[in-house]
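In what follows, a single structure is set out as structure tokens and then discussed.
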Amino acid sequence: MADETPAPAPPVAAPPPPPPPPAVTESDSPAVVEKEDPSPPSPVDVVSVTVTESVSTAIEEKEEQTPAAEPVEVVPDSTDKGEEEPPLPPPPQPVKSESESPAVTEKAKEEEPPAVTEKAKEEEPPAATEKAKEEPPAATVAVLETELQQPPELPPQEVVTESKSLAAMMEKEEGGAPEPTVATTTTTSAEEGVAVVVEEKKIPQNLGSFKEESNKVADLSDFERKALEELKHFVQEAIDTHLFTSETKSEENPEKEKKEEPKEVSIWGIPLLKDDRSDVILLKFLRARDFKVKDAFVMIKNTIRWRKEFGIDELLDEDLGDDMEKVVFMHGQDREGHPVCYNVYGEFQNKDLYQKAFSDEEKRMKFLRWRIQFLEKSIRKLDFSPDGINTIFQVSDLKNSPGPGKRELRLATKQALQLLQDNYPEFVAKQVFINVPWWYLVFYTMISPFMTQRTKSKFVFAGPAKSAETLFKYMAPEQVPIQYGGLSVDYCDCNPEFGDADPATEITVKPGTKQTVEITIYEKCDLVWEIRVVGWEVSYGAEFMPNAKDSYTVIIQKPTKMSPKDEPVVSQCFRVGELGKVLLTVDNPTSKKKKLVYRFKVKPHCD
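Quick note, the sequence shown lines up with residues 205 to 811 if you use this note's numbering.
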């Protein structure tokens, strides 16, 4: 089983305080929109960061080789085709244009049906369009954007089409954070001869978004506070009459039973009615039953009885082996501090492991006991104080997961789902499903009737192409494991320079653009950095440019095309002997958006 409380990375020399956020200004140049820090660097600053965006080298070369066309009415091709559709059955994503010439705008208005034109006008206010063109900068990052110029193309006949995909269906399932601003436009493609209504793709949205409530009594409504007090009265009465501790009431000598001292009753290591942690436990049962006090009390009574029958106290000390440690493990935390539990169903592609877990009733029960043991140990590490973190962020990876045709897996899933829902209420902060295959919606439809609406409101779905982006929405990149697009490594690996406490910066590299991260250095030092692009398919290079006019540029890494099979993270170090700047360049010639994640650390220069 994976280490649930990983040790922090060894301490390293702390970098000097980061420079203040740069002021952003815009140039009037039609080719480049610049955002820079006009003020000189502070003497105490060691480095500052600037990010620039320009046309991809591959596109520039293609434009140079394109012969001049005869004078015709032109329709520029889209410069931003958005993210490539995940490998699911739906049709491809529509094409998005970041900028249109006036001629194209007029043509779209003339040829578009009135209804579509009206809808486009309603959905695309000027402010939203401007917002869609800009990427949100990091705290100390200035962004420079270069408008792309496309070669002339013959305008095809425009046809407006609309399509629905499985990914779009999944997008409706998620909720949570405020919806990003969406720019909707109609554009034409000379190569395909079709036009599509483009909508910026969003992280899957769940219409029934769930938000955790406060566990402080002072924050409860009068109705909730009254329900809590009433439930506490029922629980106290049950403890006094030994309802929780005796299997059957004594009929021979009931007076003797009444004289016995009440026994302490605990759930998840928390004694009931001893302190305010007990209120948090009782509120979990109340919320699971919509604050119906009698139903919540029955649920508590049944849970206490089940824990005794299942032998939870003895289970904690059982040795059930470590065969499943790659199937379920804890790693890092989300942006709100919840511990994150990963469930990797693709591990069951291993036939031996699958048979060992599900082949018969006895093995299914052993797997269930192992899973309950893992959950119990994880719960004991939570903070049940009223303002503490007492829920877990769940991530279920469905990549290469056995399909719903596996009868044994269906039985085990149904059994575990019912047991967890009845006896572990309100322990899921959010349930994110990543790498969701096409068949999962069918499977979800099958198990959905066994879940409450409150449980389903916590679910988020993301296809393969959206998995890393969705995780970054809820977790910082440095907290996400490498296999899921982040920078966090297994703690058994040697990574002396960076740990989960070292923050990373996330940037979206648009299709056909080149991003350059400029790290300006103001004193001699050793610069260490990590960089990755999720899925690569880009070129990456690094160089040092000295400030002195008579110095030469140092190539740290020649621009190299990185494939998905290459190492997911590049770690490099450069000794800076003179003032200048380190340039990290990512060239994205593809038609897909890419997630760039990087972080760096400045170490004192030691001769």
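Built from N, CA and C at the ideal position, the CB exists for glycine as well. Being a predicted model, the structure only gives us computed values, none of them experimental.
* Asked: By Cβ distance, which residues of its chain are closer than 6 Å to Trp472, with the 5 residues on each side in sequence left out?
  -> Ile583
Check: Shortest alpha-carbon distance to Phe702 belongs to which of Lys714, Val721, Pro681 and Glu722?
Finding: Pro681
Here's the rule I'm using: 16 or more other beta-carbon atoms within 10 Å means buried, otherwise exposed. How should Ser425 be labelled?
exposed
Tell me which residue opens and which closes the alpha helix (DSSP H) that Tyr546 is part of. Tyr546 -> not in any alpha helix (DSSP H); beta strand (DSSP E) instead, spanning Pro543 to Val548.
Problem set entry | Residue span of the beta strand (DSSP E) that contains Asp483, given as start and end | No beta strand (DSSP E) contains Asp483, which is instead part of the alpha helix (DSSP H) from Asp480 to Ala492.
Discussion item. Would Val684 pass as an interface residue toward chain C - the criterion being a Cβ-Cβ separation below 9 Å?
Written reply: No chain C is present in this structure, which holds just one protein chain.
Practice task
Output the distance between the C-alpha atoms of Ser795 and Gly716, rounded to the nearest integer angstrom.
Solution key: 7 Å
### Close beta carbons around Lys785, own chain, < 7 Å, minus the five adjacent residues each side
Glu722, Ile723, Thr724, Ile725 and Met749
Q) Considering Ala500, what are the terminal residues of the alpha helix (DSSP H) in which it resides? A) Val497 to Phe514
Worksheet item: Got a sec: does the ligand FAD put a non-hydrogen atom nearer than 8 Å to the Cβ of Ile686?
Response: Because no ligand of any kind appears in the structure shown, any question about the ligand FAD cannot be addressed here.
Given a cut-off of 9 Å on the beta-carbon distance, is the pair Gly690 and Ser671 in contact?
no
Quiz item: Can you give the beta carbon distance from Gln635 to Ser600, rounded, assuming they're within the 8 Å contact cut?
Solution: 7 Å
message = Can you check which of these residues, Ala500, Met679 and Gly607, is closest to Val646 by C-alpha distance?
response = Gly607
field: Beta-ladder partner(s) of Gln537, from DSSP
entry: Pro543
Query raised in the report: Alpha carbon to alpha carbon, what distance is there between Asn547 and Asp730?
Result: 39 Å
Handout entry: Thr445 versus Arg481 - alpha carbon distance
Key = 23 Å
Query raised in the report: Could you check where the beta strand (DSSP E) with Ala633 kicks off and where it finishes?
Result: Val632 to Ile638
Review point. Below 8 Å, can you find three or more Cβ-Cβ pairs linking the stretch 523-535 to the stretch 662-671?
Key: no
Checklist entry - Looking only at DSSP bridge pairs, what is Gln657 linked to? => result Partner(s): none; Gln657 has no beta bridge.
Give me, in chain order, the residues of the same chain whose beta-carbon lies closer than 8 Å to that of Ile485; leave out the 5 immediate sequence neighbours on both sides. Ile471, Trp472, Ile474, Leu476 and Phe588
Original post:
So what's Arg584 in DSSP terms, helix, strand or just coil?
Top reply: coil
Can you tell which of Leu602, Phe597, Lys505 and Phe778 has the C-alpha that lies nearest to the C-alpha of Pro543?
Phe597
Checklist entry - Ordered along the chain, which non-local residues of its own chain (more than five positions away) have a Cβ less than 7 Å from that of Pro244? => result Only weak support exists for where Pro244 lies, its pLDDT of 42 falling under 50; the value from the coordinates is given anyway. Excluding positions up to five away in sequence, the list is empty.
**Item:** Coarse secondary structure for Pro685, derived from DSSP in three states
**Value:** strand
Self-check item: Beta-carbon proximity of Gly550 to Lys610, cut-off 9 Å
Solution: no
| Whose C-alpha, out of Ile638, Glu630 and Gln657, is nearest the C-alpha of Leu490? | Glu630
- Message: Please report the distance separating the alpha-carbon of Pro808 from that of Lys769.
- Response: 35 Å
Check your understanding: Since Ala746 is in the alpha helix (DSSP H), which residue starts that stretch and which ends it?
Key -> Where Ala746 is concerned, there is no enclosing alpha helix (DSSP H), although the beta strand (DSSP E) it sits in stretches over Val742 to Pro750.
**Asked** Are Gly745 and Gln761 close, meaning C-beta to C-beta below 9 Å?
**Response** yes
Mapping the DSSP letters down to three states, classify Pro668 as helix, strand or coil. helix
Inset, instruction - Identify every residue that forms a DSSP beta bridge with Phe663. - result: Gln635
Discussion item. Please report the distance separating the alpha-carbon of Lys728 from that of Thr712.
Written reply: 31 Å
### Span of the beta strand (DSSP E), counted from its first residue to its last, around Tyr756
Run containing Tyr756: none; DSSP gives neither H nor E here.
Need the endpoints of the beta strand (DSSP E) that Gln598 sits in, please. Ile596 to Asp601
Inset, instruction - Pull up the distance between the alpha-carbon of Ile651 and that of Val469, whole angstroms please. - result: 33 Å
- Query: Which of helix, strand or coil does DSSP assign to Tyr628?
  - Reply: coil
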